[in-house]
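Undergrad:
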Ligand SMILES: Nc1ncnc2c1ncn2[C@@H]1O[C@H](COP(=O)(O)OP(=O)(O)O)[C@@H](O)[C@H]1O
Ligand SMILES: [Mg+2]
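Protein chains in written order, with the working numbering: chain Z, 457 to 737; chain P, 1316 to 1667.
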């Protein structure tokens, strides 16, 4: 008995040591980036690389936020926020409505539409990027928020997810609402939407990060530096040719770019963990 | 409050007709129970009255007015579903108030009506709770409350008690009956449970495979079943049916035994005798080769076959009997007035 406890004690220590080591390995590059964002340019380029933070934290971050390299990072953060929020909310709104239509209404071509939506699951952004660019360019939406958001807003995955969820909602609920006098949209707002809120929260996190991390699409359609998003903006900060890269500012920008997704995960976590614990059915 | 009239109502799903012409006149304030085995079309019939299914042919009137084409909310009905169908994210109060809010009832009136219903159903202390924080019986009450606050012309119930345990079912059955008496609202109640049908109904509609077998008061159906199906569906244990040949008022059974029937007939017939009407009688014509007995306390069921045949026979003896008394062959007689004769081919009742 006591042997077992002891053995479990040792095992526990070993497990923890292993986990801590793993965290250190994964965290090390981020630490390096942080250190690099708090020192001066000469300190970085002169080997050996410093491992402890310097005293340039405020200077470097102020410079990144206010002036950046091509565009102030604050501006790029705002652009990214607009894009990520637009994509997340847009996708959720559209997929909720299309799932609602597919599950609750019998209209000609219902199956066809469902399969059409489903088919687009198989076409990633990269595959349809050339025709999409063509369409967006002709609409004059280059270097604009609509151009950044609209092409990425249709979501087969989210539609599919909500469809599956709606199909688990008992039919009697819709019928009870109908007897209560609720028209279809009223049922959608008053009953279906509140019941889906945990799914919406979880999906919001995923879609926000998806939108935030878009790289190829913004790179293609934003030529004006003031429309750059942060993820592609980091790449734009690397000088072409022989100029020296301003590493402290680039590193500060990288860390700033990571913050919003991390915040969203932490803030929304509470919402969907609570939802998962007391499932509503 | 209103009458409900069904005239030759039929329903098809695609090519399959599942309701084959139902006629029913429900009086104002009457409690009608639609009873039948699972799959016979009870729910479909009720859902047509509710407006949740379209009527394929026939006419449906509520309060004298044709409602075939009306939406559920315009029929002024309220429905209680088998799985309660409460809105899971709304409090008990909001669940009950939802329909009134949609109807733009003034706030004060909503509060008053919900409070009244809650009082009637003893839900006052639960108004702030969510459905998942309630027991099955309480949820059932909320579902009824939601129906009551609408002050509808007609209540529709679709097997409202079948998700409850046996004890609660008995209690809720009484509550529903008392409530309906008190409110006097015309009600249509669907169940597959003949006990619910017997206890609740002013009149019951016995359905079988989309057809109405009989419409009548519970005791009328029990005492004078119009068909073999109604005879066997109502009553527990189910009525014994024995093949025989009639000549005048005497029926010769398969093993040669002769019993006296209440009506004259000729040729092949089916005799129906309820287990509780078989009276032990050493000289009786009906022999029962016993195989098993079930003591229920207030009565004892004796199972077996009719002497010399393999047709099953059940007798129900009042009171407690020990297994040792119920061995071998027992003999019974039956009063002529308690026998039922059915046409061997159509299964319809013979005589008055
Ligand atoms: N939406 C539907 N589509 C096709 N068939 C249906 C539908 N609803 C019910 N049915 C059929 O109608 C018959 C009666 O069903 P129902 O009214 O639910 O029976 P009950 O309530 O008496 O158990 C069944 O055979 C069932 O399969
Ligand atoms: Mg049913």
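Built from N, CA and C at the ideal position, the CB exists for glycine as well.
1. Buried or exposed for residue 472/Z, please, with buried defined as at least 16 other CB atoms from any protein chain shown within 10 angstroms of its CB.
2. For residue 647/Z, decide whether its Cβ has a neighbour in chain P, counting only Cβ atoms nearer than 9 Å.
3. Bridge partners of residue 574/Z, per DSSP?
4. Could you work out which residues of chain Z lie near residue 1387/P, taking near to mean beta carbons separated by less than 7 Å?
5. Pick helix, strand or coil for residue 1445/P, following the three-state DSSP scheme.
6. Would you decide whether residue 719/Z is buried or exposed? Buried here means 16 or more other CB atoms lie within 10 Å of its CB.
7. When a residue counts only if its C-beta is closer than 5 Å to some heavy atom of ligand 1, which residues count, in chain order?
8. May I have the straight-line CA-CA distance separating residue 1392/P from residue 1589/P, to the nearest angstrom?
9. Is residue 1505/P near ligand 2, going by C-beta to nearest heavy atom under 8 Å?
10. What does the alpha-carbon distance come out to for the pair residue 1477/P and residue 1581/P?
11. Between the Cα of residue 684/Z and the Cα atoms of 521/Z, 492/Z and 527/Z, which residue gives the shortest distance?
12. Could you check what DSSP says for residue 540/Z in three-state terms: helix, strand or coil?
13. What's the C-alpha gap between residue 1574/P and residue 1618/P?
14. Excluding sequence positions up to five away, which residues of its chain have a Cβ less than 7 Å from the Cβ of residue 737/Z?
15. Rank 1593/P, 1622/P and 1615/P by C-alpha distance to the C-alpha of residue 1604/P and give the top, closest one.
16. Under a three-way DSSP split, which group does residue 642/Z fall into?
17. Applying the 10 Å Cβ sphere with the 16-neighbour rule, what's the burial state of residue 694/Z?
18. Can you pull the chain P residues whose beta carbon is under 8 Å from the beta carbon of residue 562/Z, in chain order?
19. How many angstroms separate the CA atom of residue 590/Z from the CA atom of residue 661/Z?
20. Could you check how far apart the C-beta atoms of residue 1578/P and residue 1559/P are, in whole angstroms? I think they sit under 8 Å.
21. Answer with buried or exposed for residue 1627/P, where buried requires no fewer than 16 other C-beta atoms within 10 angstroms of its C-beta.
22. Please list the terminal residues of the continuous alpha helix (DSSP H) segment that includes residue 1410/P.
23. Can you find a C-beta in chain Z that's less than 9 Å from the C-beta of residue 1478/P?
24. Among the residues of its own chain, which have a CB less than 7 Å from the CB of residue 609/Z, if the five just before and after it don't count?
25. Would the beta-carbon of residue 1487/P fall within 9 Å of that of residue 1455/P?
26. Can you say whether residue 755/Z is buried or exposed, counting buried as having 16 or more other CB atoms within 10 angstroms of its CB?
27. Can you tell me whether residue 1720/P is buried or exposed, with buried defined as 16 or more other CB within 10 angstroms of its CB?
28. Can you confirm whether residue 1504/P, when its beta carbon is compared against all beta carbons of chain Z, has any partner nearer than 9 Å?
29. Give the residues from the segment 1403 to 1428 of chain P that approach chain Z closer than 7 Å (Cβ to any Cβ), ordered along the chain.
TA: On the basis of the coordinates in this document:
1. Residue numbering aside, residue 472/Z sits at position 16 when the first chain is read from its first letter. By the 10 Å Cβ count, residue 472/Z comes out exposed.
2. Counted from its first residue, the first chain places residue 647/Z at position 191. Interface residue, yes.
3. Sequence index remark: in the first chain, residue 574/Z carries index 118 (1-based). BP columns for residue 574/Z are empty, so no partner.
4. The residue given as residue 1387/P occupies position 72 in the second chain. In chain order: 634 and 635.
5. To locate residue 1445/P, count along the second chain from 1; it is residue 130. Residue 1445/P: coil per DSSP, three-state reduction.
6. The residue given as residue 719/Z occupies position 263 in the first chain. Residue 719/Z comes out exposed.
7. My final list is 1328/P, 1333/P, 1353/P, 1354/P, 1355/P, 1356/P, 1357/P, 1358/P and 1359/P.
8. The residue given as residue 1392/P occupies position 77 in the second chain. The residue given as residue 1589/P occupies position 274 in the second chain. Taking the straight line from one Cα to the other gives about 39 Å.
9. Counting from one through the second chain, the residue named residue 1505/P turns up at place 190. Checking the Cβ of residue 1505/P against ligand 2 gives yes.
10. The residue you call residue 1477/P lines up with position 162 of the second chain. The residue you call residue 1581/P lines up with position 266 of the second chain. Their Cα atoms are separated by approximately 44 Å.
11. Taking the first residue of the first chain as position 1, residue 684/Z is located at position 228. That would be 527/Z, whose Cα lies nearest to the Cα of residue 684/Z.
12. Here residue 540/Z refers to the residue found at position 84 when the first chain is read from its first residue. Helix.
13. Taking the first residue of the second chain as 1, we reach residue 1574/P at position 259. Taking the first residue of the second chain as 1, we reach residue 1618/P at position 303. Going by the C-alpha atoms only, they are around 20 Å apart.
14. Locating residue 737/Z in the first chain gives position 281, counting from the first residue. With a pLDDT of 41 at residue 737/Z, under the threshold of 50, the modelled position of this residue cannot be trusted, and the question is left open.
15. Here residue 1604/P corresponds to residue number 289 of the second chain, with the count starting at 1. Closest in C-alpha terms to residue 1604/P, from the list 1593/P, 1622/P and 1615/P, comes 1622/P.
16. Residue 642/Z sits at position 186 when you count from the first residue of the first chain. In the structure shown, residue 642/Z sits in a helix (DSSP, three-state: H, G or I).
17. Working through the first chain from its first residue, we reach residue 694/Z at position 238. So residue 694/Z counts as exposed.
18. Here residue 562/Z refers to the residue found at position 106 of the first chain. The premise fails here: residue 562/Z is roughly 12 Å from chain P at the closest Cβ pair, so nothing lies under 8 Å.
19. In the first chain, the residue the question calls residue 590/Z occupies position 134. In the first chain, the residue the question calls residue 661/Z occupies position 205. Looking at the two C-alpha atoms, the distance is approximately 30 Å.
20. Numbered from 1 along the second chain, position 263 holds the residue referred to as residue 1578/P. Numbered from 1 along the second chain, position 244 holds the residue referred to as residue 1559/P. That pair is no contact at about 13 Å.
21. Walking along the second chain from the start, residue 1627/P turns up at place 312. Result: exposed.
22. As a working mapping, residue 1410/P is identified with position 95 in the second chain. 1407 to 1417 is the span of the alpha helix (DSSP H), which, as asked, contains residue 1410/P.
23. By one-based count along the second chain, residue 1478/P stands at place 163. No, because no Cβ of chain Z sits closer than 9 Å to the Cβ of residue 1478/P.
24. Indexing the first chain from 1 puts residue 609/Z at position 153. Around residue 609/Z: 543, 546, 547 and 550.
25. By 1-based counting over the second chain, the position of residue 1487/P is 172. By 1-based counting over the second chain, the position of residue 1455/P is 140. Cβ distance < 9 Å, so residue 1487/P and residue 1455/P count as in contact.
26. Given a span of 457 to 737 for chain Z in the structure shown, any question on residue 755/Z remains unanswerable.
27. Because chain P here runs from 1316 to 1667, residue 1720/P falls outside it and cannot be looked at.
28. Along the second chain, one-based indexing puts residue 1504/P at 189. So no, residue 1504/P is outside the interface.
29. 1403, 1404, 1413, 1414, 1417 and 1418
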